[in-house]
Every structure is written in structure tokens, then in C-alpha cells.
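**Student:** I am attaching a structure below and will ask some questions about it afterwards.
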Amino acid sequence: MAMARKTGLVLLWVAVAGIVLLGLSLGAEAAEERVFYMALIEPKGGVTVDKEPYPAGELPKGGGYVKTAPNPAGRWEVSAYQFSPATIVVKQGDRVTLEMVGINGAKHSVHVDKYRPDHVLVKRGEISRIQFTADTPGLFTIHCKEHEPGMEGHLVVLPR
Ligand SMILES: [Cu+2]
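To get the working numbering, take the position in the sequence shown, counting from 1, and add 150.
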């Protein structure tokens, strides 16, 4: 009985050691090259005043929201500029490329807090790339100067 219990304990320790070693080896995995393809877009909705009245309230200024008053046919529209995808998740040490294509809007001036503080121009129909090594874990904002306050993305750098 005591022998069986001792064998059980040894097996338990082997299992625990195995799990710890697996965890260490996963944690020590090499940094990776990661490319994210982001479209700079402007989803839009519209309707005519006979179906929905034109909303009187103001939207926040800064270019991120656009609301156009009813045209002669009574149609009004609203839109918002966005990054798609808007959330980027990497691990500390990864070499990151954000490949951005301008779809809507003539131009965007994009920066990434800490990693790319100067503005990178993205024009419609063109591709601009932001590259950096994600050496510091944390949450960082991806921001467009032309379309405030809503055109924001989020960079999540997980500790390795
Ligand atoms: Cu923009």
C-alpha cells in the first residue's frame, strides 16, 4: 500500500515537472515576424427623411464622423472612419508590420503610441507600412489625425 502511494507521488511529480518544462519552453519561443493587413474604411448608412427624420444632434467634431444633411431627394447619410481590423495582438519581441491600404478618405495620418510617434501618410489607393519591434508590453493606441475622435485602433503587446 505504501509502495503504491509512493509510486503515485513520483508519477505526480513527473507530471508536474513536465507541465512546468512545457510552460518554460512555450515562454521561451522565438520572437516572430507578424504582418497585419489593415484597411482604412468608412462604413456609411443613409435613409430618406420620409422614413427616418434627419437627427438634429451634433456629432463630435474632428473629421471622424460625417453626417450630411438631406439632399433634394430627402436622403441623409452618416459615416465613421475606422481601421479594419482595429485590434492588433502581438507578443513582446515580435517584429511587426502594419500594412495599411487607404480605401475611403483622401488621406490618413497615422501614428502608433510609443512605437511610431511621427505620422505616416496613407493615401487612398496606396499602401503604407509601419514597422517596429514590439519590445515593450502593454496597450498602445493607433490613431489617425484626420479622423478624430473615432478612428482609433489598439495594439496589444503581450509579455513574453
Ligand atoms: Cu483617418
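Cβ atoms here follow ideal geometry from the backbone N, Cα and C, with glycine treated the same way.
In three-state DSSP terms, what is Val170?
**Tutor:** On the sequence shown, position 20 is the one that residue 170 refers to. Confidence at Val170 is low in this model, with a pLDDT of 49, below 50, so the placement of that residue should be treated as unreliable; the coordinate-derived value is given next. Here Val170 sits in helix by DSSP.
**Student:** CA-CA distance, Gly300 and Ala230?
**Tutor:** As a working mapping, residue 300 is identified with position 150 in the sequence shown. As a working mapping, residue 230 is identified with position 80 in the sequence shown. Distance from the CA of Gly300 to the CA of Ala230, rounded to the nearest whole angstrom, comes to 7 angstroms.
**Student:** Label Pro267 either buried or exposed according to how many other C-beta atoms from any shown protein chain fall within 10 Å of its C-beta, with 16 as the threshold for buried.
**Tutor:** For the purposes of this step, residue 267 is taken as the residue at position 117 of the sequence shown. That one is exposed.
**Student:** Following the continuous beta strand (DSSP E) through Lys217, name the residue where it begins and the one where it ends.
**Tutor:** By one-based count along the sequence shown, residue 217 stands at place 67. That run of the beta strand (DSSP E) goes Tyr215 to Thr218.
**Student:** Does the stretch 289-303 come close enough to the stretch 206-220 that 3 or more CB-CB pairs lie under 8 angstroms?
**Tutor:** yes
**Student:** Would you check if there are 3 or more beta carbon pairs closer than 8 angstroms linking the stretch 254-265 to the stretch 185-192?
**Tutor:** yes
**Student:** If the criterion is Cβ atoms closer than 7 angstroms, does the pair Thr247 and His304 meet it?
**Tutor:** Numbered from its first residue, the sequence shown carries residue 247 at position 97. Numbered from its first residue, the sequence shown carries residue 304 at position 154. No, the pair does not count as a contact, with Cβ atoms beyond the cut-off.
**Student:** May I ask you to list the residues that DSSP assigns as paired with Val260?
**Tutor:** The residue labelled residue 260 in the question sits at position 110 within the sequence shown. Paired residues: Val270 and Cys294.
**Student:** Within 10 angstroms of its Cβ, does Val170 collect 16 or more other Cβ (buried), or is it exposed?
**Tutor:** Taking the sequence shown and counting its residues from 1, one reaches residue 170 at position 20. Residue confidence is low: Val170 scores 49 on pLDDT, short of 50, so the model does not pin down where it sits. Its coordinate-derived value is still stated next. Looking at its Cβ environment, which holds fewer than 16 other Cβ atoms inside 10 Å, Val170 is exposed.
**Student:** Kindly indicate which three-state DSSP category Gln242 falls into: helix, strand or coil?
**Tutor:** Residue mapping note: residue 242 aligns to position 92 of the sequence shown, counting from 1. Gln242: coil per DSSP, three-state reduction.
**Student:** Mind checking which residues open and close the beta strand (DSSP E) that includes Met301?
**Tutor:** On the sequence shown, position 151 is the one that residue 301 refers to. Careful: Met301 lies outside any beta strand (DSSP E) and carries neither H nor E.
**Student:** Look at Gly224 and Val199 and say whether their C-beta atoms are less than 7 angstroms apart.
**Tutor:** Against the sequence shown, residue 224 aligns to sequence position 74. Against the sequence shown, residue 199 aligns to sequence position 49. Yes. Within cutoff.
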